[in-house]
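Novice: Going line by line, the protein sequences match chains A and B.
Read in order, the letters of the first sequence correspond to residues 1 to 332 in UniProt numbering.
Read in order, the letters of the second sequence correspond to residues 1 to 332 in UniProt numbering.
Quick one: this structure, given as structure tokens, is what I'll be asking you about.
2 protein chains.
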Amino acid sequence: MLRDEDARWMDVALALSGRTRGRTAPNPNVGCVLVAGGRVVGRGWTQAGGRPHAEAMALAEAGDGACGATAYVTLEPCAHRSPRGPACSDLLVASGIARVVAAIEDPDPRTAGQGFARLRDAGIAVTVGTGADAARRAMAGFLTRQALGRPVVTLKLATSLDGCIARADGESRWITGAESRAHAHLERARHDAILVGRGTFATDAPRLDVRLPGLEARSPARVLLSATGSAPDGWTVLAAPEAIATLPGDHLLVEGGARTAAAFLRAGLVDRLLLYRAPILIGGGVPALGDIGLHRLAEAHGRWQMVDARALGSDRLEVYERGPCSPVSSAI
Amino acid sequence: MLRDEDARWMDVALALSGRTRGRTAPNPNVGCVLVAGGRVVGRGWTQAGGRPHAEAMALAEAGDGACGATAYVTLEPCAHRSPRGPACSDLLVASGIARVVAAIEDPDPRTAGQGFARLRDAGIAVTVGTGADAARRAMAGFLTRQALGRPVVTLKLATSLDGCIARADGESRWITGAESRAHAHLERARHDAILVGRGTFATDAPRLDVRLPGLEARSPARVLLSATGSAPDGWTVLAAPEAIATLPGDHLLVEGGARTAAAFLRAGLVDRLLLYRAPILIGGGVPALGDIGLHRLAEAHGRWQMVDARALGSDRLEVYERGPCSPVSSAI
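Written out as structure tokens, the structure is:
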């Protein structure tokens, strides 16, 4: 029963962590909720730019109400002091918090267990592991940067039922419907950067922004994959997928086209696949993917597993993540 | 409340109707259940070859128990006497049945309302329309033959997430998993005939049968789409999709490959789409469909609507039927 309650409150903290996904780099997008007597006394999430941290924001909201409360936090509270603010583990100790429930340990070597140790040393009860899988997904950008030295990469594909992204003559507006396109814009707002290849740049460049009311300012940085040529105004150019390690920000959205998508898959640099599918057949159109370097069908199995699926109008969105047989590439 | 009960019993009759789908031509695959005092007293379904009819089988099972019962039947009971047996409407009158609930009227001009009239003239209460949509789906073969002079056509596609049916070098075993393949074999057993093109014939011909324990004898007739060449032993050859009107049987399954599938779509001769999808990416493979004659993307929308979806192991099956904007071709 206590475990169930912990899991429910952690879900709240995880939802809060999503509010600034794509805008907290180099810090993780942490969520935190403070609960006393079954009621929320404070909520926080890492602010855009990385400060204040989630715990600091929640403690400020709770004030004296934090004394004796339980803090649910998606990541181990930090143990390192910085010119930009005090360590969250120190703040939690000072607040009189009675218990901390954290989803996962912070891999940053400046914290990595020391946050928990400081809390326990101060007599605070600490539980670790509640909602760990969901937390790894929610903070995949930060965790991928820590583990692999590069941003987490999402590949977006919008196809017909027969896997085409355009008619043979290039006509691609529209395959998916308004609901899918709005959802795709929301995904853009949750990424630090969008990358396209030369062909998509030539046809779609002016449109690679967030066109949702109130979210126009959230348009991510624009990145062009191109082995040759200079950077257009306001764009960053990468010569190869492997160069993504140099990008600022921990969330990269690869939007097209077929050759660019294939280049990232071939390099083992796609962590998450967003597949928007419209209930139409095109026939003889432009395939979604070029050569991804698959040598046998047997190699293709086990690389992807569906983690979410939903209807978007008459379309369907499926979200896949790396499966157990998926080759993963780090920064090179 | 009475309506709900009617709908539930009609579901039973519809389930029975599926038992001989693909084996009753030129007769419809009707299902019938007789209910008295909330209990089933007789069940019937059109037998392979078309006789006995569902009502005759159910009445034989019920015997005297039919007196005062309600008959749920997926199609209007026939009104025409035949050398092969008496008219079902006469049998129902003679049995002392009190009420008949039918899903739809029989479009066969020899019955077309006359079955219901004969029942009503005998003082039997008649309700028409319960489960009508499901009945049209369950007996689509017969109804398509009556309305369009040709079998109902199901197109099966088994693809990767990126819409490929093979690797670039032709390797296609296996994209989908064992559960999908078993389901596809069950679909074969529910069709009168399977059709493939020259390419699929060359690579897969020996395998176009039902390989499910106990259902081996249900393998459908084999049809080859080929503009030239003679019929291989045991095969029927069609020169063009439009020639399907000449086939015996009311259910045709089109299994491949990409050009054959496209030819049927181009001709407006696909009524139902079975889309088996494996959670794999192939990249640069063989596309599922050749040119289907689409001139603008806008034409593609509204042609297909999903009517069923389910997981099959790690694959997913989606079933589509014609949408409101779908061109339909009759026999030519």
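Where is the CB? At the ideal position from N, CA and C, for every residue including glycine.
This one's a predicted model, so the numbers in the text were calculated from it and none came from an experiment.
1) To the nearest angstrom, how far is it from the Cα of B/Thr159 to the Cα of A/Asp291?
2) Should A/Thr20 and A/Gln47 be called a contact, given that it needs their Cβ atoms to be closer than 8 Å?
3) Considering only their Cβ atoms, is the gap separating B/Ser314 from B/Gly177 smaller than 8 Å?
4) Nearest to B/Ala66 by CA position, among B/Glu76, B/Ala202, B/Pro232 and B/Gly37, is which residue?
5) Can you pull the chain B neighbours of A/Pro287, defined as C-beta to C-beta under 9 Å?
6) To test your reading of the DSSP string, which unbroken alpha helix (DSSP H) runs of 4 or more residues are found completely within the region 176–215 of chain A?
7) Between A/Ala300, A/Ala267 and A/Leu317, which has its C-alpha nearest A/Ala278's C-alpha?
8) Select from the region 234–263 of chain A all residues with a C-beta closer than 8 Å to any C-beta belonging to chain B, and list them in chain order.
9) Does the beta carbon of B/Val279 sit closer than 8 Å to a beta carbon anywhere in chain A?
10) If you run the structure through DSSP and keep just helix, strand and coil, what is A/Ser329?
11) Classify B/Ala135: buried if its beta carbon has 16 or more other beta carbons within 10 angstroms, exposed otherwise.
12) Going along chain B, which residues have a C-beta under 9 Å from A/Arg296?
13) When DSSP labels each residue in this structure, what does B/Ser82 get in the three-state scheme?
14) Between which residues of its own chain and A/Glu255 is the CB-CB distance below 6 Å, once the five residues before and five after are set aside?
15) Please look up how many angstroms separate the CB atoms of A/Gly323 and A/Arg303, rounded, as I've assumed it's under 8 Å.
16) Under 8 Å between the Cβ atoms of A/Val210 and A/Arg188?
17) Identify whether A/Met306 lies in helix, strand or coil by the three-state DSSP scheme.
18) Drop a sphere of 10 angstroms on the beta-carbon of B/Gly22, count the other beta-carbons inside from all chains shown, and report buried for 16 or more, exposed for fewer.
19) Could you spell out the range, first to last residue, of the beta strand (DSSP E) harbouring A/Gly44?
20) Any idea what DSSP makes of B/Thr127, helix, strand or coil?
21) If we call anything under 8 Å between Cβ atoms a contact, is A/Val101 one with A/Thr127?
22) Using a Cβ-Cβ cut-off of 8 Å (strictly less than) and excluding sequence neighbours within five positions of A/Ala231, which residues of its own chain qualify?
23) Closest to A/Ile74 by C-alpha separation, out of A/Arg84, A/Glu61 and A/Gly44, would be which residue?
24) According to the Cβ coordinates, are B/Gly115 and B/Pro77 closer than 8 Å?
25) Taking the continuous alpha helix (DSSP H) assigned at A/Val93, which residues delimit it?
26) Look at the alpha carbon of B/Phe142 and the alpha carbon of A/Val328, and state the distance between them as a whole number of angstroms.
27) Considering only their Cβ atoms, is the gap separating A/Leu208 from A/Arg222 smaller than 8 Å?
28) So which residues of chain B does A/Trp304 contact, with C-beta pairs closer than 9 Å?
29) Tell me, please, which residues DSSP counts as bridged to B/Thr154.
30) Mind checking if B/Trp45 is an interface residue toward chain A, Cβ cutoff 8 Å exclusive?
31) Is the CB-CB distance between B/Gly284 and B/Ala168 below 8 Å?
32) With 8 Å as the threshold, decide whether the Cβ of A/Met1 is near any Cβ in chain B.
33) Find the residues of chain A that neighbour B/Arg301, judging by a C-beta separation of less than 7 Å, and give them in chain order.
34) Please name the residue or residues paired with B/Thr236 in a DSSP beta bridge.
35) Taking C-alpha atoms, which residue in B/Arg99, B/Met10, B/Arg84 and B/Asp250 lies nearest to B/Asp133?
36) Determine, using beta carbons only, whether B/Trp174 comes closer than 8 Å to chain A.
Specialist: The answer reads as follows:
1) 16 Å
2) yes
3) yes
4) B/Gly37
5) Asp162, Gly163, Cys164, Gly283, Gly284, Gly285 and Pro287
6) 178–189 and 198–204
7) A/Leu317
8) Ala262
9) Correcting the residue identity first, residue 279 of chain B is Pro in this sequence and not Val. Yes, because at least one Cβ of chain A sits closer than 8 Å to the Cβ of B/Pro279.
10) coil
11) buried
12) Arg167 and Glu171
13) strand
14) Lys156, Ile194 and Val196
15) 5 Å
16) yes
17) strand
18) buried
19) Arg39 to Trp45
20) strand
21) yes
22) Leu224 and Val237
23) Correcting the residue identity first, residue 74 of chain A is Thr in this sequence and not Ile. Of the candidates A/Arg84, A/Glu61 and A/Gly44, the one whose C-alpha sits nearest the C-alpha of A/Thr74 is A/Gly44.
24) yes
25) Cys88 to Ser95
26) 53 Å
27) yes
28) Leu161, Pro279, Ile280 and Leu281
29) B/Leu253 and B/Arg272
30) no
31) yes
32) Caution is warranted here: a pLDDT of 48 is assigned to A/Met1, below 50, making its placement in the model unreliable, and no coordinate value can be reported.
33) The displayed chain sequence assigns His, not Arg, to residue 301 of chain B. Chain A residues near B/His301: Ile280.
34) B/Val223
35) B/Met10
36) yes
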